[in-house]
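Have a look at the structure below, then the notes.
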Amino acid sequence: MAVLSIIIAIILYKSETFHSFLLHLGGLGYIGAFIAGILFVWTFTAATSALVLLILAETLSPVEIGFIAGLGAVIGDMLIFRLVKDGLVNEIEDIYNHVDHKKHLKKLFHSKYFNWMLPVLGGIIIASPLPDEIGVSLMGISKMGTIKFAFLSYVLNSAGIFLIILASVFVKP
């Protein structure tokens, strides 16, 4: 599954049609902001999505863009979260059980320090302009529930997108 997603991402990354589609999202207004929000969380589309959001900020309210693109980002993050929770954890667990017979890593990951550290690190990554895959994966590995994750994803992504747009307003060439 992971190999297939990497192959698809590489194909999309090299596609001029896909890049053209992304750049035309700026003409769709708030719908474009929502779609750009979905694409904002993925490594191969984050930069182009940020560019679309900055273009939209020239004509639309940065606060509204943050709220709407944040909703889109939750959808993108939920895809990653469900993939990690439903499939990746089981695949990694099988490999881990084969390699670490004394369960050293399991003891480490279930310690009280990791119970709060993984979601905090994940949240910092999600709120940053960096793509969300690693942050969402850290939250998916932890015992975080889906509703709590969706709420945190929305707040963190909306704030991160708004701060990027706000910074672009003050840093004009």
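In the numbering used here, the protein residues as written are 5 to 177.
For every residue, glycine included, the Cβ atom is placed at its ideal position computed from N, Cα and C.
Owing to the predicted nature of the structure, the values given are computational and were not obtained by experimental measurement.
For residue i and residue j, I'd like the C-alpha separation in whole angstroms.
i           : j           : result
residue 131 : residue 45  : 10 Å
residue 47  : residue 134 : 8 Å
residue 122 : residue 166 : 24 Å
residue 169 : residue 120 : 30 Å
residue 139 : residue 55  : 22 Å
residue 128 : residue 174 : 23 Å
residue 5   : residue 72  : Confidence is the limiting factor: at residue 5 the pLDDT is only 44, short of 50, which leaves the residue's position unreliable, though a coordinate-based value still follows. Approximately 30 Å, taken between the alpha carbons.
residue 154 : residue 67  : 20 Å
residue 145 : residue 152 : 14 Å
Under a Cβ-count criterion, where at least 16 other Cβ atoms within 10 Å of its own Cβ denotes burial, should residue i be classed as buried or exposed?
i           : result
residue 25  : exposed
residue 65  : exposed
residue 49  : buried
residue 19  : exposed
residue 51  : exposed
residue 35  : exposed
residue 124 : exposed
residue 84  : buried
Could you confirm whether any beta carbon from chain C is found closer than 8 Å to the beta carbon of residue i?
i          : result
residue 47 : This model lacks chain C altogether, as it is built from one protein chain only.
Would the beta-carbon of residue i fall within 8 Å of that of residue j?
i           : j           : result
residue 172 : residue 61  : yes
residue 157 : residue 81  : yes
residue 57  : residue 69  : yes
residue 143 : residue 126 : yes
Taking the alpha-carbon of residue i as reference, which of the options has the nearest alpha-carbon?
i           : options              : result
residue 150 : 90, 174 and 136      : 90
residue 76  : 146, 127, 169 and 53 : 53
residue 74  : 58, 22, 41 and 124   : 41
residue 32  : 15, 22, 63 and 127   : 63
residue 136 : 43, 39 and 68        : 43
residue 59  : 28, 21, 85 and 153   : 28
residue 38  : 78, 126, 15 and 21   : 78
Give the secondary structure of residue i by DSSP, where H, G and I count as helix, E and B as strand, and everything else as coil.
i           : result
residue 123 : helix
residue 148 : coil
residue 66  : helix
residue 21  : helix
residue 52  : helix
residue 175 : coil
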